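Chains as they are written, first to last, in the numbering used here: chain A, 200 to 315; chain B, 5 to 111.
Glycine included, each C-beta is placed from N, C-alpha and C at the ideal position.
Since this is a predicted model, take the numbers as computed values, not measurements.
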């Protein structure tokens, strides 16, 4: 199994509070991704990173920010959580860039977030 | 635009064969992934097709036709542990994920 750890695994929070999810990898892969998974929508990319301090937006980035200060850590922050951000969040890593021919992504176990 | 179509749910009997079809539209198509996802768990990689044709990996095979924008995942000799969702993912200018096909294997 790829060495990917997400924390916390479960979180319940209130509307308007900031929330930070952490993804930690031990594979030294260059690319890291944050997705959310909701019924009827499949996996949707929030943000991704192609190196330390290099990040870019995905298709559903509004209301989210990310930071990558070390190769192994990729943080996802919900600035002010809303009920629409209740979801399961998956972190993924890959060696190569999905835009250059595709590369296998390895996923973390997921974080189940409930915003009340 | 980017779009993936795959059936929502399929049911099959243990020991049987099931074929999950996927049609896709994506810009700058590079290849087609299949992932397996058990309920409450992370997706795991099954296969990646770049060229047309069939690729076999044990009980699982995946087929791609680039000209038709079509792929299928074939699961043979079904086992109870194969009950899961199967995600079709098109790699193009971006990755486009299908909503997944939930396969229920019955005894």
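How far does the beta strand (DSSP E) with residue i in it reach, from first residue to last?
i, result
"residue 70/B", "Residue 70/B -> no beta strand (DSSP E), and no H or E assigned at all."
"residue 313/A", "310 to 314"
"residue 54/B", "Run containing residue 54/B: none; DSSP gives neither H nor E here."
"residue 270/A", "Premise fails: residue 270/A is in no beta strand (DSSP E) and is neither H nor E."
"residue 223/A", "218 to 224"
By DSSP, does residue i sit in helix, in strand, or in coil?
i, result
"residue 85/B", "helix"
"residue 282/A", "helix"
"residue 59/B", "strand"
"residue 48/B", "strand"
"residue 354/A", "Not covered by the structure: residue 354/A. The range shown for chain A is 200 to 315."
"residue 229/A", "coil"
"residue 259/A", "coil"
"residue 245/A", "strand"
"residue 302/A", "coil"
Answer yes or no: does any C-beta atom of chain A fall closer than 8 Å to that of residue i?
i, result
"residue 11/B", "no"
"residue 77/B", "no"
"residue 111/B", "no"
"residue 103/B", "yes"
"residue 99/B", "yes"
"residue 64/B", "no"
"residue 90/B", "no"
"residue 43/B", "no"
"residue 74/B", "no"
"residue 67/B", "no"
"residue 52/B", "yes"
"residue 46/B", "yes"
What does residue i pair with, by DSSP beta-bridge criteria?
i, result
"residue 289/A", "234/A"
"residue 13/B", "106/B"
"residue 20/B", "Answer is none; residue 20/B lacks a bridge partner."
"residue 211/A", "313/A"
"residue 7/B", "29/B"
"residue 94/B", "36/B, 100/B"
"residue 250/A", "253/A"
Against chain B, with Cβ distances strictly below 8 Å, would residue i count as a contact?
i, result
"residue 289/A", "yes"
"residue 308/A", "yes"
"residue 244/A", "yes"
"residue 303/A", "yes"
"residue 239/A", "yes"
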